[in-house]
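Numbering (my numbering), first residue to last: 13 to 779.
C-beta atoms are modelled at their ideal positions from N, C-alpha and C, and glycine is treated no differently.
Worksheet: the structure to be examined is printed underneath.
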Ligand code: 26W
């Protein structure tokens, strides 16, 4: 009721002419309502032991629907909005808060939701990029990027706290870091935590002397240099940018965050030695400069280096999110010296401490150097300092121990933990799929909202009528998605088709190209009159490619060309449709996961650290068509291998054949594989004269200076994959298939981020 009144007040104040106006009115009303509780929880969190999550990315998506849902005021607000002629759904036009690339950033967002719901004092620290991940459109099938000016119509979910700004000092400039706070409203609003994002601004805005002397450009140069630091999210996922500006971003937000933590402690009369009451989780290596920065700040307070570093070892914990070699961050010492010279002596001291310790233990330096060969190795800095190091799925943690970080595991086995990722069921079921949520609540109650394991009770509700209702809900979601896709992409899908979905960043290791080749092969076989019983299938892709990732862009173009040709072929388009949705993001994902029949999780074994989209589709009742990789393994274990479609080489096999693998032999030996691959070069599809398709072909058959042919083993897995797809196709529509889908939902409990955060709290943060 209170919220409804406040909405009317803000509507009167600003008028409600556009969805953005409506969004402002609703958001401000909610902000007003939670303000006192939010402040009280911030104060309370300062009392006991607490944790911070430092991350260069927070992929929050749209706040409004999830907040209304967590506050349990959706119906009240819907009624209020309708009183002045609007619809809640109008707010689907407001932009996502997309300050992240993919899995790592979305995981951070799920974690904040879970910690607030569990009542755990966990605040996030990051960067308030002016431009989030680029907006994507297709021009003639090619990806085209545009800037994502997400705050253009305002940012009603954040509060600028200028009074808490801090100064960040670089070698060549000083800037202000101004915090913007966003409330993280746990389910039932029992706890409200904070996401604090830093915006870079000039220390002394405008250079009047320069302006007065007629140097107009120079008068704003300082402002521009400062603002550039938080202007744009680097759109690389799993490849390092290696750019000075990126280093600046990393130091900017870690320095501001550490200063902020220490300032608040000082105000509360607490010691800067915070190992006993603060844990700082480093989300990959991007925030790892927090370590030397903390040591530097302590030393500036008069603490000796040895004691300061000993304290740092009690504070920081590090999560690794990838084994891709090209993602391991390294910085030139020369760049570090120029941008953050104050850190270099600290880094050198840490290096010496490491070397001394290894000498005492009689262990060679090996690959563990932090500062060596004019390079700073961020993962080594993290592993040497952090009291806990974790991977994000069982297989990933095992690979870290056996391979990527094996030397560190040998040195400090007790530091290593597995923390299998999770997703928040509040966004990925309650908000994304209200129909299925209601179905579940009618049968097992609403306990699943805070205890996802209770979904197991669904096993008692898989009779004929339950199954029929479950299928009807999936069909309604498919219809809604088809309508949305038609309106947005201009492609009509039939909800009676199987919806086979691959949504994730575009990367060679994720093997969207394998899916594309399988589609082409299916098409060729249908044209040849094979596969008489093939059930109509729509293959749906969603993915952004890093703007400079040539091959990933080639795969997008290839799939768009496949879609163009197949969708127009009257001989097969009653059974085969393909669509690559544009500008895939969190909000699009909410619609897609609710409508998936089949979840494509087909990375080469040993490459996908965990995956979290796999969990979202599982929770919403899709079967996984996947490899033994990342969390797929744990998904199949939880839901039953017989309820999923697992195929392809395991990591042990790929490791064994890696050095002798001859991709061409597979190609020559399998006529179907060859026929599909050849469409890259035989003129079937047109790459607009770019040579991209030829380059893809060569990547598979010739390799390049930096990799062997078919480095992700598409050819090894092609036939297994085709067979698994045809099994899915044969099973679809049967009662057994519906049961598989329901079993996946019923056993998704383990993949709640509540479980993951519970484990971090218990085993790593001790809160
Ligand atoms: C330095 C460039 C860069 C940028 C982003 C390197 C690495 C990244 C991320 C770590 C990539 C990423 O998002 N990794 C994903 O993390 C998810 C959450 O743990 C996992 O589920 C995915 O498997 C993993 O690819």
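Pull every residue with its beta-carbon under 6 Å away from any heavy atom of the ligand 26W, and keep them in chain order.
Those residues that have a beta carbon less than 6 Å away from any non-hydrogen atom of the ligand 26W are, in order along the chain, 113, 114, 115, 116, 119, 248, 249, 250, 251, 252, 296, 333, 334, 339, 341, 404, 433, 620, 621, 622, 623, 624, 642.
If you pair each beta-carbon of the region 270-284 with each one of the region 247-260, do three or more pairs fall below 8 Å?
No, the region 270-284 does not touch the region 247-260.
Output the distance between the C-alpha atoms of residue 173 and residue 209, rounded to the nearest integer angstrom.
Taking C-alpha positions only, residue 173 is separated from residue 209 by approximately 10 Å.
Over the uninterrupted alpha helix (DSSP H) stretch that includes residue 731, give me the two end residues.
The continuous alpha helix (DSSP H) containing residue 731 extends over residues 726-743.
Pick from 171, 54, 247 that is closest to residue 133, judged by C-alpha positions
The shortest Cα separation from residue 133 among 171, 54, 247 belongs to 54.
Give, in chain order, every unbroken run of the beta strand (DSSP E) that is at least 3 residues long and sits entirely within the region 415-468.
With a minimum length of 3 residues, the continuous beta strand (DSSP E) runs that stay inside the region 415-468 are 428-430.
CA-to-CA distance, residue 543 to residue 736, given in whole angstroms:
Cα-Cα distance, rounded: 14 Å.
Check for me: the alpha helix (DSSP H) holding residue 24 runs from which residue to which?
Where residue 24 is concerned, the enclosing alpha helix (DSSP H) stretches over 14-26.
Ends of the beta strand (DSSP E) at residue 62?
Run containing residue 62: 62-66, per the beta strand (DSSP E) assignment.
Of the residues 17, 764, 123, 283, which one's Cα is nearest the Cα of residue 90?
Comparing Cα-Cα distances from residue 90 to each of 17, 764, 123, 283, the minimum goes to 17.
beta-carbon residue 366 near the ligand MG non-hydrogen atom, thresh 6 Å:
The ligand MG is absent from the structure shown, which contains only the ligand 26W.
Within 10 Å of its beta-carbon, does residue 757 have 16 or more other beta-carbons around it, so buried, or fewer, so exposed?
With 16 or more other Cβ atoms inside 10 Å of its own Cβ, residue 757 counts as buried.
In the DSSP assignment, the alpha helix (DSSP H) including residue 389 goes from what residue to what residue?
No alpha helix (DSSP H) contains residue 389, which is instead part of the beta strand (DSSP E) from 387-389.
Between residue 265 and residue 116, what straight-line distance do the alpha-carbon atoms span, to the nearest angstrom?
The C-alpha of residue 265 lies about 17 Å from the C-alpha of residue 116.
Any chance the region 195-203 sits against the region 296-306, with 3 or more Cβ pairs inside 8 Å?
With a cut-off of 8 Å, the region 296-306 and the region 195-203 do not count as touching, because too few Cβ pairs lie within range.
Using the beta-carbon count (16 or more within 10 Å), is residue 511 buried or exposed?
By the 10 Å Cβ count, residue 511 comes out buried.
Segments of 4+ residues assigned as alpha helix (DSSP H) that fall wholly inside the region 468-553
Runs of the alpha helix (DSSP H) inside the region 468-553: 476-501, 524-539.
Buried or exposed: residue 669, going by 16 or more other Cβ atoms within 10 Å of its Cβ?
Residue burial annotation: residue 669 is exposed, with fewer than 16 other C-beta atoms found within 10 angstroms of its C-beta.
Ranges of the alpha helix (DSSP H) found wholly within the region 28-60, counting only runs of at least 4:
List check, alpha helix (DSSP H) in window: 31-57.
Please look up how many angstroms separate the CB atoms of residue 195 and residue 50, rounded, as I've assumed it's under 8 Å.
With 8 Å as the limit, residue 195 and residue 50 qualify as a contact, their Cβ atoms being about 5 Å apart.
For residue 206, the residue or residues it bridges with in DSSP:
Answer is 195.
Three-pair Cβ contact test at 8 Å for the region 620-627 versus the region 721-740
No, the region 620-627 does not touch the region 721-740.
Report the partner residues of residue 157 according to the DSSP bridge assignment.
BP columns for residue 157 point to 148.
I need the straight-line Cα distance from residue 71 to residue 122, nearest angstrom please.
Approximately 9 Å between the Cα atoms of the pair.
For the structure I just gave you, are there three or more beta carbon pairs, one from the region 706-724 and one from the region 411-418, closer than 8 Å?
The answer is no - the region 411-418 does not touch the region 706-724, with fewer than three Cβ pairs under 8 Å.
Going by beta-carbon coordinates alone, are residue 637 and residue 608 separated by less than 7 Å?
Result no, Cβ atoms of residue 637 and residue 608 do not sit closer than 7 Å.
Please report the Cβ distance between residue 640 and residue 676, rounded to the nearest whole angstrom; I am assuming they are in contact, meaning their Cβ atoms lie under 8 Å.
Not quite, the Cβ-Cβ distance comes to about 25 Å (not below 8 Å), so this is no contact.
When the Cα atoms are used, what is the spatial distance from residue 599 to residue 73?
Distance between the alpha carbons of residue 599 and residue 73 is about 6 Å.
Does the Cβ of residue 562 have 16 or more other Cβ atoms within 10 Å, making it buried, or fewer, making it exposed?
When all chains shown are included, residue 562 counts as exposed.
Just to confirm my understanding: we take residue 283, look at its own chain, exclude 5 residues before and 5 after, and list those with CB closer than 8 Å. What are they?
Excluding positions up to five away in sequence, the list reads 277.
Identify every run of the alpha helix (DSSP H) within the region 225-279, keeping only runs that are complete inside it and at least 4 residues long; order them along the chain.
Considered as a whole, the region 225-279 harbours 228-240, 256-279 as its complete alpha helix (DSSP H) runs of no fewer than 4 residues, in chain order.
CA nearest to the CA of residue 106, picked from 46, 157, 77:
When only C-alpha atoms are compared, the closest one is 77.
Reference residue 429, options 773, 68, 177, 508, closest by Cα:
Ranking 773, 68, 177, 508 by Cα distance to residue 429 puts 773 first.
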